[in-house]
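Before any comments, here is the structure.
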Amino acid sequence: MSSDEYDAFEMSFPPNRDLKRIEWRRNLATLSSSDFSIREATMTASDARRVTDLQGACEPLSIRSVRDNASMISTQTVLIAEIDETHIGFCVSFPGLQEFDPLFIQVIGVVPEAQRRGLATALLHTAAEREPHRDIALATQDDNLAAQALNRRFAHSIGANIERLHLGTYRDHDLGIIRGMGYRAWIIQREKRIQS
């Protein structure tokens, strides 16, 4: 993809003057349905922009450039949730390099207008279904009790246990965290099935 194609989708600053963002926020304010769909992001400037929009709306996430998000989409699994073609949530995950490594879920984000619809849980299920034989590693901030409760509910819903890990168990990069920012690491241990 050419530099011009990415540049056309980059967010204008300040964000409250960005026309694409204004239109998207208007669509969020008028969501008509509770039926959502989840799909894998494609390595296009438009999907990378969707992720940028979502990063800006889902605290405490940092906003990345369209170009950076396109690069992320090319190396990780990025799921986008939508209602009526309006992007409302996303999940970033990737399997560890070794067969016994977990699935790392780095980000789950849902815009406030679409919360309380089961979307975060659905994103977790969709990511987990792609790697059914792997445990799941993730991190939450110490004070994000809602995310911790979500992770416990999700683990319970798949019949798994969730345990706190020492932060150094996995690389910070794999967990998508910055050390010293108040994160806790967790492992969701799935039942191992014996293959015949």
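With the first letter of the sequence shown counted as 1, position 144 gets the number 144 in full-length UniProt numbering; the numbers rise by one all the way through.
Glycine included, each C-beta is placed from N, C-alpha and C at the ideal position.
Just so we're clear, the structure is a prediction, and the values are computed from it rather than from any experiment.
Check	Outcome
Which stretch, first to last residue, makes up the alpha helix (DSSP H) that contains A70?	66–75
By the DSSP assignment, the alpha helix (DSSP H) with A127 in it spans what residues?	119–129
Does H133 come out as helix, strand or coil in the three-state DSSP assignment?	coil
Expressed to the nearest angstrom, what Euclidean distance is found between the alpha-carbon atoms of L79 and I38?	7 Å
Report the rounded CA-to-CA distance for S196 versus A122, giving the unit in angstroms.	Model confidence at S196 stands at a pLDDT of 44, short of 50, so the residue's coordinates are unreliable; what they give is reported in the following sentence. Cα-Cα distance, rounded: 30 Å.
Could you name the residues of the same chain whose beta carbon sits closer than 6 Å to that of I194, not counting the 5 residues immediately before and after it, in chain order?	Residue confidence is low: I194 scores 46 on pLDDT, short of 50, so the model does not pin down where it sits. No coordinate-derived value is stated.
Could you give the residue range of the alpha helix (DSSP H) that holds E23?	19–29
Determine the closest residue to H173 out of V111, A139, D47, with distance taken between C-alpha atoms.	A139
Would you say R26 lies against chain B (beta-carbon separation less than 8 Å)?	Structure shown: chain B not included; a single protein chain is present.
Following the continuous beta strand (DSSP E) through G109, name the residue where it begins and the one where it ends.	103–110
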